Structures are given as structure tokens and as C-alpha cells.
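Participant: Got a structure here, written out as C-alpha cells. Questions coming.
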Amino acid sequence: MSAIRQSIDVDRAPTDVYDYVMDTPRMPEWQLSAVSAERLDEGPVGIGSKVRVTRHIGRRTMPMTMEVTEYDPPHSWGLRGIDGPVRARVHGEVEPFDEGRRSHVTIEVDFEGHGMGKVLVPFVVRPQVRKELPRNEQLLKDRLEHTGE
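If you're matching positions, the sequence shown starts at 0 in numbering that gives the first Met the number 0 and goes up one per residue.
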């Protein structure tokens, strides 16, 4: 199956958008399924950094560990799930426009199921993310444009 991809324009500079997206504890502010998120290591974020994200998936709450696989501020980022039955691969891009005052944000998500995740991915996770990703990007936009974060 192909990745789920969604884009939105945000009236903030790419650096502002990138910094907010990569601020792990803020994930639940703009990602509907995220219950909590925390860094598992110390120091600056970079390739190899690990994050524990607890998400609502269907009727379950599942913790999962994500590893940063791409880190190119303020242009792109990548994460991949390294444990659990549902392992996401996320790629995000922030492209400047309007002389760098605005940003075009694209997030692409794909999944790999392990164990019971092989059933969850096609029947629960993909449908949930197809509905959720546009709403997440709208929350990101609203948060950055209206709260001055």
C-alpha cells in the first residue's frame, strides 16, 4: 500500500514550524491520536534520537518507540517505529514561500505491521490516519498561527 500524504500552508516561517514539530512533548497538542510523547535520551535532537509516543489506535492505547532517521532543520525530518505491533515511518518537509514568511508543510506516513499489527494496519490504523492526518495538519496550522507558539 502507498504512504498517506497530506500538505498544508502555514503562515509561519519554516524555522518556527520545524522547531514546533520537533518539540516532542508538544505532539499531543497537534496530533489527535497522541496521548503523550517524551524523549528517551538527552542532548540535542538528531539522527538516532529516540522518542516514546503513546497513541490511541482504534480502542487501544499503545506505547511505541520512534527513532529519528532524518534531521535537516528547518527542511525535513524522518522518524521510524522500532518496536510494537504497528511501526510507522514518517517523513516531513517544510518548504518556505512568500519570501520565507510562510511554510508549505507536507507529512507522509506509512506503516509496517508486526504480529497483531498485520491486522491492525490495514483495518484500523490506515483508515484512522487517513482521517486524522488532515485534521492534525489543521491543528498544527491553527496552533502556530493563532497562539503564537
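Note that the Cβ used here is the ideal one computed from N, Cα and C, for glycine as well.
Every value quoted in this text rests on a predicted model; they were computed, and no experiment measured them.
Per the DSSP calculation, residue 56 is bridged to which residue(s)?
Facilitator: Translated into positions along the sequence shown, residue 56 becomes position 57. DSSP, once it has assigned bridges, lists 59 as partnering residue 56.
Participant: Which residue marks the beginning of the beta strand (DSSP E) containing residue 113, and which one marks its end?
Facilitator: Position 114 of the sequence shown holds residue 113. Counting along the chain, residue 113 falls outside any beta strand (DSSP E), and DSSP gives it neither H nor E.
Participant: Using the three-state DSSP reduction, which class does residue 5 fall into: helix, strand or coil?
Facilitator: Walking along the sequence shown from the start, residue 5 turns up at place 6. Reduced to three states, the DSSP call for residue 5 is strand.
Participant: What's the gap between the Cα of residue 69 and the Cα of residue 105?
Facilitator: Along the sequence shown, one-based indexing puts residue 69 at 70. Along the sequence shown, one-based indexing puts residue 105 at 106. Going by the C-alpha atoms only, they are around 15 Å apart.
Participant: Please list the segments of the beta strand (DSSP E) lying wholly inside the region 28-100, counting only runs of 3 or more residues, in order along the chain.
Facilitator: As summarised for the region 28-100, the continuous beta strand (DSSP E) elements at least 3 residues long and confined to that stretch are 33-38, 49-56, 59-71, 75-80 and 85-96, given in chain order.
Participant: Rank 101, 33, 110 and 82 by C-alpha distance to the C-alpha of residue 134 and give the top, closest one.
Facilitator: Along the sequence shown, read from residue 1 onward, the residue named residue 134 stands at position 135. Nearest of 101, 33, 110 and 82 to residue 134, Cα basis: 33.
Participant: Let me make sure I understand the geometry here. Which of 41, 51, 57 and 73 has the alpha-carbon closest to that of residue 65?
Facilitator: By one-based count along the sequence shown, residue 65 stands at place 66. Nearest C-alpha to residue 65: 51.
Participant: Am I right that residue 90 and residue 99 are in contact with their C-beta atoms under 8 Å? What's the rounded C-beta distance?
Facilitator: Here the question's residue 90 lines up with position 91 in the sequence shown. Here the question's residue 99 lines up with position 100 in the sequence shown. The pair is not a contact, with the Cβ atoms about 22 Å apart (cut-off 8 Å).
Participant: With C-beta atoms as the reference, is residue 84 less than 8 Å away from residue 57?
Facilitator: As a first step, residue 84 must be located in the sequence shown, where it is residue number 85. As a first step, residue 57 must be located in the sequence shown, where it is residue number 58. Cβ atoms of residue 84 and residue 57: not closer than 8 Å.
Participant: Alpha carbon to alpha carbon, how far is residue 138 from residue 145? Give it in angstroms, no decimals.
Facilitator: Counting from 1 along the sequence shown, the entry for residue 145 is found at position 146. Counting from 1 along the sequence shown, the entry for residue 138 is found at position 139. Take the alpha-carbon of residue 145 and the one of residue 138: they are about 10 Å apart.
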